[in-house]
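Engineer: Let me give you the structure first, and then I'll get to my questions.
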Amino acid sequence: MRQTKVIKGDIVFQWKYGFYLLYLLVILVYMIIFSFFTGDTRNLIVSCCVYSDPASMGMFFMGALILLEKSQHITNSIIVSPVTPREYIAGKVLSFALISLIVGAILILFGHTDNYFLCMLGILTGSVLFSLCGVIVGTMVNTLNQYILGTVPFELVGFAPVIAYRAGLMWDNSLMLIHPGCAAMRLIEGKANMLVMSLISLAVWICILYVIANKCVVRMYKRVGE
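Here the sequence shown is numbered in our numbering, starting from 128 and rising by one per residue.
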């Protein structure tokens, strides 16, 4: 019950500060861009946008949300409440996952996927991955400039190899699935082959990032409480 309230609170907070409106504007911009392309080129662009947009926007807005909470001293209220670090992380990650699923479901209509369910699963896991990265960086910094610099390594590692992979670089090489972004991209494409490897890769990386994020949130709780 408490976890549900935390998630609801994050969604209301995001709505209040116009996060959903910004995503709506992003969708409209992408719709215009997609209209200039057709065929395989369009499918490639849509797939990359479905992967990168919820992920990159989610990571950026995650930092904005955490920094906004810090500036308004909302974090101080959270740490003296019964909300645990696990619930704090889940509230942030799941609320952004909801936006990502909505945006991804709309964008993929302009492209192609072999399996819509796998596509949604890929969007969800990709969103969780980058949201956790956002939590890790957001809890460690105090300014937006610090956050932007801190996310650059995650963006480079998270996007460049995946876009090259989707463009055809080593597409059939199962070793590429060690990269969680490539595994998520394969799901977004709806590819059922190598499904187990993709799911294992994503599960392992999500667990690793969650453990790191949990430690970062615990440290943030301690710093704010001092």
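From the three backbone atoms N, C-alpha and C, an ideal C-beta is built for every residue, glycine too.
Only a predicted model underlies this, so the values are computations on that prediction, with no experimental measurement involved.
DSSP three-state label for residue 199, please.
Structural biologist: coil
Engineer: Compute the Euclidean distance between the alpha carbons of residue 139 and residue 297, then round it to the nearest angstrom.
Structural biologist: 42 angstroms
Engineer: Just tell me which of 189, 257, 270 and 268 has its CA closest to the CA of residue 335.
Structural biologist: 257
Engineer: According to DSSP, is residue 319 helix, strand or coil?
Structural biologist: coil
Engineer: Work out the CA separation of residue 307 and residue 185 for me, nearest whole Å.
Structural biologist: 16 angstroms
Engineer: Measure the C-alpha to C-alpha separation of residue 237 and residue 255 and round it to an integer number of angstroms.
Structural biologist: Between residue 237 and residue 255, the C-alpha separation is close to 23 angstroms.
Engineer: How is residue 224 classed by DSSP in three states: helix, strand or coil?
Structural biologist: Judged by DSSP in its simplified three-state form, residue 224 adopts helix.
Engineer: So, residue 161 versus residue 172, is the Cβ gap smaller than 8 angstroms?
Structural biologist: Between residue 161 and residue 172, the CB-CB gap stays under 8 angstroms.
Engineer: Leaving out the 5 sequence neighbours to the left and right, which residues in its chain are closer than 7 angstroms to residue 325 when beta-carbon positions are compared?
Structural biologist: If we look at residue 325 and ignore the five residues flanking it on each side, its Cβ neighbours are 304, 310, 313 and 314.
Engineer: Taking three-plus beta-carbon pairs below 8 angstroms as touching, is the stretch 205 to 217 in contact with the stretch 276 to 284?
Structural biologist: no
Engineer: Pick helix, strand or coil for residue 328, following the three-state DSSP scheme.
Structural biologist: Helix at residue 328.
Engineer: Using CA coordinates, which residue listed in 163, 195 and 219 is at the minimum distance from residue 260?
Structural biologist: 219
Engineer: Do residue 83 and residue 226 have their CB atoms nearer than 8 angstroms?
Structural biologist: Shown here, the chain extends from 128 to 353; a query on residue 83 therefore has no answer.
Engineer: Between which two residues does the alpha helix (DSSP H) holding residue 272 run?
Structural biologist: Where residue 272 is concerned, the enclosing alpha helix (DSSP H) starts and stops at 271 to 293.
Engineer: What is the residue span of the alpha helix (DSSP H) that residue 245 lies within?
Structural biologist: 243 to 265
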